[in-house]
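In what follows, a single structure is set out as structure tokens and then discussed.
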Amino acid sequence: MDKEDISSNPSNNRHFSDVLDSGMSRRMILKGSLAAAATGFFGSSAALAATGGKKGPNGSIGQNRQNGLVNFQEVSLDQFANSPISGQLPVVSDDYELQVLIPWGTPLKSGITPYEGDPINRPTAAEQEHMIGIGHDGMHFFPLNRRGTRGVLCINHEYGTNFHVFGENRAPNSLEEVRRSQHVHGVAVVEIAEDRNGRWDLVLDSPYNRRITPNTEMEFSGPVPFALGSPIYDNGVVPKGTVNNCANGFTPWGTYLTCEENFDGYFGDGPFGGAWTQTEADARYSVSDDGRYSWFLFDERFDLSSLTYANENKRFGWIVEIDPMNPGARPVKRTALGRIKHEGIALTVGRGGRVVGYMGDDQAGDYIYKFVSDSNWKSMRAQGMSPLDHGKLYVARFNDDGSGDWLELTIDNPALAAKFSSQAEVLTYARISADLLGATPMNRPEWTTVAPNGDVYCTLTNSGGQALEGNAANPVETQRDGHIIRWRDSAQHTGLTFNWDIYVISSTTHGTEESFSDPDGLWIDPDGRVFIQTDGSQKDGLQDQLIIGNIFGEKDENGLEFKRLLVGVSSDEITGIAYIPGRETMFINIQHPGNGSPTSTNFPAPFDGTTIPRDSTLVLRRKGGGVVGS
């Protein structure tokens with residue numbers, strides 16, 4: 352079982368499924384009757400579904416939005432089961448076409464031989480530093496022209512196990528091998544372009560092309576400075592690196608946000624210091640002596656016992672801002688957003704022009720957070736201030752009656768002042784702060800997204816099979832297969848209260864054509880289409896998949912309508928969503944196909960049983976044109 356599937360939360364805070372059991376009608380939620388799921392605030396949801404759901408300028412619900420929103424030929428269960436390429440290559444709707452883009456090993460500059468899946472000769476550390484990495488995950492496309500036929504793609508490389516890097520399950524045996532492993536992690540920033548035949552490719556030697564790795568120099572900004580007295584500071588140490596970059600976000604001012612998730616797996620008790628003892632804070636963040644990559648054997652930075660790097664692990668677990676248009680700029684870790692296992696961040700602009708970010712902490716039994724900037728983001732930037740450095744961080748408490756509260760993580764709260772000495776400590780140990788405030792434990796909060804009507808959605812993927820105490824927002828029956836929750840904030844995203852309901856419980860789709868489990872990636876387009884990407888054990892003979900739904904309508908009294916656009920390959924994850932301005936082209940990712948083994952798939956190569964499968968980006972388009980998902 353992976354660490355994110357095991358709760359590290361020692362609090363007795365009331366779990367989400369308990370809330371649901373106490374205060375809401377589970378029967379109504381399972382049937383998809385959203386009007387009954389939350390009192391008052393979502394009472395308009397039934398009317399929204401009935402009218403088709405377009406929101407007018409005054410917040411009213413208009414007509415003619417539901418019909419034709421999701422109108423493609425789906426991949427049926429039979430079609431997938433009977434396809435000769437099932438499990439080997441992706442299976443896509445007959446109305447769509449695919450192209451493979453930037454697989455692992457694609458060079459960013461001339462003079463480097465592409466890696467194409469040779470099982471014997473894998474990239475060296477020096478080569479990999481200038482190649483597309485492994486673990487394609489969250490990404491965003493920044494257009495360089497109006498049509499979006501050229502642009503800069505920022506893409507996360509969440510992880511590549513030692514098996515992926517070395518071809519065998521073993522620890523690295525030298526610092527050179529540690530560097531090989533490190534250079535498949537991090538972020539790639541690359542220029543891509545569409546040619547006159549509609550084919551996309553990386554622009555070799557573009558000035559925008561760069562890799563950001565665990566060894567790239569970083570800056571810290573906000574309430575947790577890299578300075579004497581800060582919990583992240585070590586004398587004479589330049590902060591470096593970003594790791595386990597999972598989902599993402601982007602800002603209204605044109606920068607990329609990459610999110611550090613399971614950073615604990617990179618640290619362990621190595622040979623560079625004396626005895627290491629796990630602290631309360633270490634345990635709360637699952638930091639232990641046996642990191643899965645074993646970098647600590649040869650790289651002192653990741654040795655928990657090192658005195659030189661005593662606070663190194665606290666320099667991870669942040670959201671990192673990257674300027675894609677300035678290759679010389681250092682990435683900046685924005686500490687006002689708190690230190691957790693960030694899955695992603697969905698930014699929106701709330702009342703008064705304040706920027707608001709919704710975030711999930713991806714571990715069983717952890718929390719959902721919100722950040723609100725102090726003032727209008729444009730005026731802050733005009734004054735030379737980052738809106739992500741100055742603001743308030745909140746954690747969510749879900750109540751039995753469908754209401755909720757945002758609890759501020761501030762040193763001014765006596766419960767936190769009794770535990771910590773500064774706001775820097777409150778944010779560095781955000782999980783412990785949230786425990787003390789009585790936040791609601793969730794079933795692994797993953798991606799968040801903001802719908803065109805202002806509702807916020809979050810995927811709760813599963814509990815990894817771990818038996819967790821339930822609550823209203825995380826009913827017991829969702830724990831293995833996951834669900835999607837949604838809420839609407841007061842005061843246009845800036846208030847201290849919200850109302851919530853459950854959008855869908857995955858298990859209710861099993862045995863139907865709409866079957867899916869373990870929702871993970873999530874995005875809602877401006878028209879109201881819901882893009883759901885899965886990561887986990889699918890039912891009904893399926894691989895992980897891309898599902899399209901409609902927030903504005905219901906299929907019938909038995910639930911919402913979803914259609915299957917794409918099914919991936921053996922043992923992969925479908926993740927990452929990016930798109931050109933008109934949304935006629937979408938980019939999504941195939942992560943860890945075959946878990947690195949060539950026995951079941953050699954994607955993107957045709958099946959031959961020997962070529963190493965490689966993480967890749969897919970270019971997804973509707974035949975004949977049109978908005979993706981339509």
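Position 391, counted from 1, in the sequence shown is what the working numbering calls 742; the numbers after and before it change by one each time, with no gaps. We put the beta carbon where it would ideally sit given N, CA and C, even for glycine.
{"Query": "Of the listed residues 944, 975, 969, nearest to residue 962 (C-alpha basis)", "Result": "944"}
{"Query": "Under the three-state DSSP convention, the category residue 787 falls into", "Result": "helix"}
{"Query": "Three-pair Cβ contact test at 8 Å for the region 619-632 versus the region 653-662", "Result": "yes"}
{"Query": "Whole-angstrom C-beta distance between residue 554 and residue 563, which should lie under 8 Å", "Result": "Actually they are not in contact, since the Cβ atoms of residue 563 and residue 554 sit about 18 Å apart, beyond 8 Å."}
{"Query": "Burial state of residue 557 (16 or more Cβ within 10 Å)", "Result": "buried"}
{"Query": "Per DSSP, cross-strand counterpart(s) of residue 942", "Result": "924"}
{"Query": "DSSP state of residue 884 mapped onto helix, strand, coil", "Result": "strand"}
{"Query": "Touching by the beta-carbon criterion (3+ pairs, under 8 Å), the region 884-898 and the region 843-853", "Result": "no"}
{"Query": "Inter-residue spacing [alpha-carbon to alpha-carbon] between residue 752 and residue 424", "Result": "40 Å"}
{"Query": "DSSP-derived helix/strand/coil call for residue 653", "Result": "helix"}
{"Query": "Option in 883, 713, 745 with minimal Cα separation from residue 1030", "Result": "Residue 1030 cannot be examined here, being either before or after the span of the chain that is shown, 352 to 981."}
{"Query": "Simplified DSSP assignment, three categories, for residue 754", "Result": "strand"}
{"Query": "C-alpha distance - residue 643 paired with residue 737, whole-angstrom precision", "Result": "35 Å"}
{"Query": "Straight-line gap, residue 871 to residue 884 (C-alpha atoms, nearest Å)", "Result": "6 Å"}
{"Query": "Nearest-angstrom Cβ-Cβ length linking residue 490 and residue 900, presumed shorter than 8 Å", "Result": "The pair is not a contact, with the Cβ atoms about 22 Å apart (cut-off 8 Å)."}
{"Query": "Three-pair Cβ contact test at 8 Å for the region 433-441 versus the region 915-922", "Result": "yes"}
{"Query": "Proximity of residue 971 and residue 937 at Cβ, strictly below 7 Å", "Result": "yes"}
{"Query": "C-alpha gap between residue 591 and residue 617, whole angstroms", "Result": "14 Å"}
{"Query": "Residue 810 - containing beta strand (DSSP E), residue span", "Result": "807-811"}
{"Query": "Cβ-based burial, residue 766 [other Cβ within 10 Å; buried from 16]", "Result": "exposed"}
{"Query": "Own chain, CB closer than 7 Å to residue 391, minus 5 neighbours either side, in chain order", "Result": "Per-residue confidence for residue 391 stands at a pLDDT of 33, beneath the threshold of 50, marking its modelled position as unreliable; no derived number is given."}
{"Query": "Contact between the region 593-602 and the region 475-491 (3+ Cβ pairs under 8 Å)", "Result": "yes"}
{"Query": "Uninterrupted alpha helix (DSSP H) stretches inside the region 446-488 (no shorter than 4 residues)", "Result": "476-479"}
{"Query": "C-alpha distance - residue 880 paired with residue 932, whole-angstrom precision", "Result": "16 Å"}
{"Query": "Residues bridged to residue 1065 (per DSSP)", "Result": "In the structure as shown, the chain begins at 352 and stops at 981. Residue 1065 is therefore absent and cannot be evaluated."}
{"Query": "DSSP-derived helix/strand/coil call for residue 508", "Result": "strand"}
{"Query": "Candidates 942, 956, 546: closest to residue 515 by CA position", "Result": "942"}
{"Query": "Pairwise C-alpha distance: residue 507 and residue 607", "Result": "10 Å"}
{"Query": "Three-way DSSP call (helix, strand, coil) for residue 536 in this model", "Result": "coil"}
{"Query": "Residues bridged to residue 851 [DSSP beta-bridge criterion]", "Result": "838"}
{"Query": "Exposure of residue 471, with buried meaning 16 or more beta-carbon neighbours within 10 Å", "Result": "exposed"}
{"Query": "Collapsed DSSP secondary structure at residue 631 in the structure displayed", "Result": "helix"}
{"Query": "4 or more residues per run - each alpha helix (DSSP H) lying fully within the region 572-636", "Result": "631-635"}
{"Query": "For residue 446 and residue 706, the rounded distance between their alpha carbons", "Result": "38 Å"}
{"Query": "Outcome for residue 955 when other beta-carbon atoms lying within 10 angstroms are tallied against a minimum of 16", "Result": "buried"}
{"Query": "Residue 724 versus 708, 718, 733, residue with shortest Cα-Cα distance", "Result": "708"}
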